[in-house]
Structure formats: C-alpha cells, structure tokens
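Enquirer: When we follow UniProt numbering, the leftmost residue of the sequence shown carries the number 1, and every step to the right adds one. Take this structure first; my questions come after.
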Amino acid sequence: MRERHRYLFVRILEACNADCFMCDFALSRDTFRFSREDFADLLPKARAAGVAYVRFTGGEPLMHPDVVDLVRSGTAAGMKMSLITNGSMLPRMAEPLAEAGLAQVIVSLDGASAATHDVYRRSPGMFDSGLRGLRAAADLGVLPRVNTVVGPHNYSEMPQLQQVLTSAGVRQWELSALKLDRSITYPDPDDVRRVCGRVYDADPNVLLVPMGKRFYGDEPAEQEAYFTESVTPRASLPQCHVADDVIYIDGKYGRMYACSCIPHREGDDGPGGAPLREAGVIDLDTPAFRAHADFYREHGPLVCNGCSTTAAGYSDDVARLGSVTAWQY
Numbered sequence: 001m002r003e004r005h006r007y008l009f010v011r012i013l014e015a016c017n018a019d020c021f022m023c024d025f026a027l028s029r030d031t032f033r034f035s036r037e038d039f040a041d042l043l044p045k046a047r048a049a050g051v052a053y054v055r056f057t058g059g060e061p062l063m064h065p066d067v068v069d070l071v072r073s074g075t076a077a078g079m080k081m082s083l084i085t086n087g088s089m090l091p092r093m094a095e096p097l098a099e100a101g102l103a104q105v106i107v108s109l110d111g112a113s114a115a116t117h118d119v120y121r122r123s124p125g126m127f128d129s130g131l132r133g134l135r136a137a138a139d140l141g142v143l144p145r146v147n148t149v150v151g152p153h154n155y156s157e158m159p160q161l162q163q164v165l166t167s168a169g170v171r172q173w174e175l176s177a178l179k180l181d182r183s184i185t186y187p188d189p190d191d192v193r194r195v196c197g198r199v200y201d202a203d204p205n206v207l208l209v210p211m212g213k214r215f216y217g218d219e220p221a222e223q224e225a226y227f228t229e230s231v232t233p234r235a236s237l238p239q240c241h242v243a244d245d246v247i248y249i250d251g252k253y254g255r256m257y258a259c260s261c262i263p264h265r266e267g268d269d270g271p272g273g274a275p276l277r278e279a280g281v282i283d284l285d286t287p288a289f290r291a292h293a294d295f296y297r298e299h300g301p302l303v304c305n306g307c308s309t310t311a312a313g314y315s316d317d318v319a320r321l322g323s324v325t326a327w328q329y
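Structural data, given as structure tokens:
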C-alpha cells in the first residue's frame with residue numbers, strides 16, 4: 001500500500017476584496033462564514049479519514065474574522081495548516097498566522113510587477129502586498145508558495161516572474177491555465193512553447209521551477225488539444241489518483257468533492273459531489289462520497305473540464321512513482 005498524503009480543502013467563505021476578471025468570487029460580499037464550531041466537528045472526522053493537510057480557500061480566507069483561531073485549532077489537532085490568499089492582508093496577518101501554526105501560505109500572483117498583476121487582478125497594491133506577505137511568512141518559518149493563472153494576457157511575463165519569485169525565496173510555484181467559459185486563443189502557440197519552455201526547463205538549483213504539468217500540456221497531443229480546443233491538460237489515463245487523496249468542502253452549501261477543481265468546473269458529466277452532513281452530522285466517509293470519488297477516479301481523465309496542472313501532475317506522479325512527497329498537491 002502506498003504512503004498517502006490526504007488533503008482536506010475547506011472553502012471557509014465566499015467573500016473577497018479583489019476584482020479578478022477570471023473569478024466568480026470577484027468583489028463578493030457574501031455573508032457566509034464557516035464557523036469554529038463546524039470546524040471543531042469536522043476535525044476528528046478528518047483525522048479518522050486519514051487527512052494530514054488542511055487548506056482554507058475562499059473567496060479570500062483572510063477576510064474570515066476567525067481565520068487565526070481556525071488555523072490554531074487545526075494545528076492543535078495535528079494537521080498541517082495551509083491557506084490560499086490574494087495577499088492583500090498577508091503582511092499584517094503573517095505573524096499571528098505563523099504563531100497559530102500555519103505551515104504553508106499560497107499567494108496568487110499573475111504578473112511580474114505591480115504594473116501588470118494589479119491590472120489583471122483589478123486591485124491596486126496587491127502585488128506589493130503579496131510579495132511582502134510571502135517574505136514575512138517565509139521569515140517566520142511558513143512555507144511560501146505562489147499560484148499563477150496563465151493565459152494569452154501574461155504568458156510572456158513568466159520568465160520575469162520566475163526571477164522575481166526566486167529572488168523572493170518562494171519555494172513552490174504552480175502555473176495553471178486560464179479557464180473561461182469560452183475558447184482561449186493564442187496568436188502564436190510556438191511562442192508560448194518557446195517562452196514558457198525556458199521556465200519549465202530551468203535549472204532547479206538556480207531558479208524556481210513550476211510544479212506539475214506544463215499549463216499547455218507536456219505531450220504533443222495535450223498541447224494540440226490545449227491550443228486548438230482550449231482543453232487544459234488532465235491526469236493521464238487510466239485513473240485520477242487525486243480522487244483518492246482529496247476532500248474539498250464547500251462550506252456554504254454543505255457539499256464535498258473528490259478534487260479542488262470539480263466544484264468550480266463541473267458540468268453535466270458526473271455526480272455533483274456528496275452531502276457533508278447526514279441527519280445533521282458531519283461524515284466524510286459516506287456511500288454517496290465514495291460513489292462520487294469512485295466516479296472521478298475512473299472517469300476523471302475523460303470528463304473533467306479544468307484540471308489544474310498541479311492536480312494532473314500529482315496524479316501522474318502517484319501513478320508513476322507510487323507515492324509523492326508532502327505538499328505536492
């Protein structure tokens with residue numbers, strides 16, 4: 001039996017203070033907040049399900065008034081705690097989060113400078129805040145990671161961003177393809193391969209190299225599908241191993257999914273997750289969830305629309321190596 005690093009994602013709110021053009025949560029003022037009581041109920045069930053890593057998502061998790069307490073309670077329960085943020089509030093919150101036991105922070109950065117990132121995110125000051133927050137977190141012993149959404153608007157900046165993140169001491173980097181409900185066209189796919197190929201092929205002892213698959217695909221068939229049909233790279237056949245290791249909880253609607261990508265991109269090709277509660281009680285190991293996870297394990301590489309490069313790479317690495325290191329997803 002392979003060693004497993006099981007991950008629990010919890011969308012703790014849907015509000016956000018950024019106006020990112022590609023995001024359904026842009027400037028959301030939704031009032032839902034995942035409560036400390038709900039998280040306390042969830043933690044023993046997560047431990048029983050083999051979870052070792054918990055990541056808070058949103059919306060913007062740092063807008064949650066209890067986020068530090070939630071991190072502290074997860075750490076006290078033996079979890080490695082992580083969250084993904086736009087970085088705007090991170091400089092002033094890095095210290096209390098680190099003191100609460102935050103193990104990893106992920107900041108979304110899409111450009112190599114404020115002049116571009118802040119325009120893409122339509123949020124002045126966000127680039128500088130994100131970098132300052134990453135440096136502060138790293139100085140406090142929190143693993144710093146960056147996620148970047150890449151498309152025709154910014155792929156040419158990836159070599160410069162690679163230099164910026166390397167200099168800032170970022171330890172992990174994900175490049176994921178821009179996903180919109182329309183076709184995405186690159187005027188010159190060969191230029192994408194030329195510019196971004198240098199990023200992926202860089203010496204990891206010198207520069208930070210992105211995790212997972214290339215956002216435009218590793219194999220010629222994947223690249224053809226991406227550039228001609230806007231189909232993002234997926235886990236390779238025959239199975240998706242993410243479905244064995246991930247539980248994603250949509251707190252507001254009380255649903256759970258077998259991958260962090262499914263609730264955002266799921267169409268009509270599969271079951272819509274599973275209820276988080278049965279008879280009012282949280283349960284992560286139900287027949288409904290097992291059926292959902294089994295479906296995507298067997299069919300995910302064929303039906304998923306919008307797999308992330310990290311998820312695809314994680315599944316392929318598990319299939320190839322049998323196990324992967326912590327924080328790989």
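For glycine and all other residues, C-beta sits at the position ideal for the given N, C-alpha and C.
Using CA coordinates, which residue listed in D38, A112 and M93 is at the minimum distance from Q162?
Expert: Ranking D38, A112 and M93 by Cα distance to Q162 puts A112 first.
Enquirer: Given this structure, state the Cα-to-Cα distance separating V195 from P233, to the nearest angstrom.
Expert: 18 angstroms
Enquirer: Pull up the distance between the alpha-carbon of F32 and that of G251, whole angstroms please.
Expert: 8 angstroms
Enquirer: Could you spell out where the beta strand (DSSP E) holding D250 opens and where it closes?
Expert: V246 to D250
Enquirer: V105 and A136 - do their beta-carbons sit closer together than 7 angstroms?
Expert: no
Enquirer: By alpha-carbon positions, which one of G254, N147 and G141 ends up nearest to F127?
Expert: N147
Enquirer: Buried or exposed: where does V281 fall if 16 or more other Cβ atoms within 10 Å of its Cβ makes it buried?
Expert: Around the beta-carbon of V281, fewer than 16 other beta-carbon atoms lie within 10 Å, marking it exposed.
Enquirer: Spell out the partners DSSP gives P144 in its beta bridges.
Expert: V105
Enquirer: Beta carbon of Y186, beta carbon of V192: below 7 angstroms?
Expert: yes
Enquirer: Can you give me the Cβ contacts of D269 inside the same chain, cut-off strictly under 6 angstroms, excluding the 5 residues immediately before and after it?
Expert: Its pLDDT being 49, under 50, D269 is placed unreliably by the model, and the measurement read from it follows with that caveat. Contacts found: V303.
Enquirer: Would you mind listing the alpha helix (DSSP H) stretches within the stretch 187 to 220 that are 4+ residues and don't spill past its ends, in chain order?
Expert: 189 to 200
Enquirer: For N154, is the classification buried or exposed, using 16 other Cβ atoms within 10 angstroms of its Cβ as the cut-off for buried?
Expert: buried
Enquirer: State the Cα-Cα distance for the pair G212 and P301, rounded to the nearest angstrom.
Expert: 15 angstroms
Enquirer: Thinking C-beta only, is L62 closer than 7 angstroms to M89?
Expert: yes
Enquirer: If you scan the stretch 251 to 314 from start to end, which runs of the beta strand (DSSP E) of 3 or more residues do you find wholly inside it?
Expert: 255 to 257
Enquirer: Considering only residues of the same chain and omitting the five flanking positions on each side of A46, which have a CB-CB separation below 6 angstroms?
Expert: L8
Enquirer: For C259 versus V246, is the C-beta spacing smaller than 7 angstroms?
Expert: A contact, by the Cβ cut-off of 7 angstroms.
Enquirer: What residue does the beta strand (DSSP E) around M63 start on, and which one ends it?
Expert: Here M63 belongs to no beta strand (DSSP E), and DSSP marks it neither H nor E.
Enquirer: By the DSSP assignment, the alpha helix (DSSP H) with S230 in it spans what residues?
Expert: Segment: none, S230 is in no alpha helix (DSSP H) and carries neither H nor E.
Enquirer: Using 8 angstroms as the cut-off, can you tell me whether the stretch 64 to 84 makes contact with the stretch 96 to 103, which would need three or more C-beta pairs spanning the two stretches below that distance?
Expert: A contact exists between the stretch 64 to 84 and the stretch 96 to 103.
Enquirer: Can you tell me whether A279 is buried or exposed, with buried defined as 16 or more other CB within 10 angstroms of its CB?
Expert: exposed
Enquirer: Where S315 and Q328 are concerned, what is the direct C-alpha to C-alpha distance, given to the nearest angstrom?
Expert: Cα-Cα distance, rounded: 10 angstroms.
Enquirer: In three-state DSSP terms, what is E95?
Expert: helix
Enquirer: When you compare each of F25, D19, F295 and H5 to L13 by their alpha carbons, which one comes out closest?
Expert: F25
Enquirer: Return the first residue and the last residue of the alpha helix (DSSP H) that M126 is part of.
Expert: Where M126 is concerned, the enclosing alpha helix (DSSP H) starts and stops at M126 to D139.
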